[in-house]
Amino acid sequence: DVKVTQSSRYLVKRTGEKVFLECVQDMDHENMFWYRQDPGLGLRLIYFSYDVKMKEKGDIPEGYSVSREKKERFSLILESASTNQTSMYLCASSLGQTGSGANVLTFGAGSRLTVL
Amino acid sequence: AQSVTQLGSHVSVSEGALVLLRCNYSSSVPPYLFWYVQYPNQGLQLLLKYTTGATLVKGINGFEAEFKKSETSFHLTKPSAHMSDAAEYFCAVSDLRTDGLTFGKGTHLIIQP
């Protein structure tokens, strides 16, 4: 069974701390994504990546950065966490290489971050 | 650019009743459309997708959706609701810029006993 694993399900951090959210997929997928989910706002794309060492900004990249040193791992970094970054963070991956838009996204279980 | 509108942030139905969750999309190119479900404290799970071909698409757990180009709609239905259907449902459209998806804001389905 294909899997996207987010290492931390629940995190509590303090304002100003550096936060790492890790995501690993075992499907040899090309594309990886980080979304933020907030009540009433749905899912909003933060960053995505087509390939190793490649990253592209999504719709709400401010305050975040990402790293993709290996194909299977895509990390989301909050350089200095703020209270307005309290949210559910969802990682997803897809096969890629089609450019057709027909790719199915497979999601991890999510990481719920609280910033105090 | 593409967008998705889900009508109704909360929908309540009785167990055994018809479930209808509405989704309208906007896309400058022929769209690929998806419905995902999210159970409490879990990630999103694919229910069904429309890419090409038959406009009535069947998914898991008895759900189906019909792509209507003239109405720019992709509504999700299930003939008879079950308590286990209580969840958040998201409609999404393909995003060629990211090779990912643009999501609607979600509809919380409540099942009354």
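Here the protein sequences come in this chain order: S and X.
Taking the numbering used here, the leading residue of the first sequence gets 3, the next gets one more, and so forth.
Taking the numbering used here, the leading residue of the second sequence gets 11, the next gets one more, and so forth.
Note that the Cβ used here is the ideal one computed from N, Cα and C, for glycine as well.
Not a single CB atom of chain S sits nearer than 9 Å to the CB of Thr65 (chain X). Between Asp95 (chain X) and Ile70 (chain X), the CB-CB gap reaches or exceeds 9 Å.
Our two residues, Glu64 (chain S) and Ser84 (chain S), have alpha carbons roughly 12 Å apart in a direct line. Around the CB of Arg38 (chain S), 16 or more other CB atoms lie within 10 Å, so the residue is classed as buried.
Using a Cβ-Cβ cut-off of 9 Å, Ser96 (chain S) counts as an interface residue toward chain X, since at least one Cβ of chain X sits closer than that to its own. Interface flag for Asn105 (chain S) against chain X is set, since a Cβ pair is found closer than 9 Å. Tyr46 (chain X) has a beta carbon lying within less than 9 Å of a beta carbon in chain S. If the five residues before and after Leu54 (chain X) are omitted, its C-beta is found closer than 6 Å to the C-beta atoms of Tyr46 and Gln48, all from its own chain and listed in chain order. With distances taken between CA atoms, Tyr49 (chain S) lies nearest to S:Tyr91 out of S:Tyr91, S:Arg16 and S:Ser82. Counting along the chain, no beta strand (DSSP E) covers Ala96 (chain X), and no H or E run does either. X:Leu43 is the residue among X:Val23, X:Leu43, X:Arg32 and X:Leu17 whose C-alpha sits nearest the C-alpha of Leu106 (chain X). Bridge partners of Thr82 (chain X) according to DSSP: none are assigned.
Residue pairing by DSSP puts Met90 (chain S) in a beta bridge opposite S:Gln39 and S:Arg114. In the DSSP assignment, His118 (chain X) falls within the unbroken beta strand (DSSP E) covering Thr117 to Gln122. Closest in C-alpha terms to Leu66 (chain X), from the list X:Val39, X:Leu17 and X:Leu86, comes X:Leu86.
By the C-beta criterion, the stretch 15-35 of chain X is judged not to be in contact with the stretch 71-85 of chain S, since fewer than 3 inter-stretch pairs fall below 8 Å. Taking a Cβ-Cβ threshold of 9 Å, the residues of chain X close to Gly110 (chain S) are Gly53, in chain order. In this structure, the alpha-carbon of Tyr35 (chain X) lies about 20 Å from that of Pro41 (chain S). The Cβ neighbour count for Phe22 (chain S), taken over all protein chains shown within 10 Å, is under 16; the residue is labelled exposed. In this structure, Cys33 (chain X) sits near Gly114 (chain X), with a CB-CB distance shorter than 9 Å.
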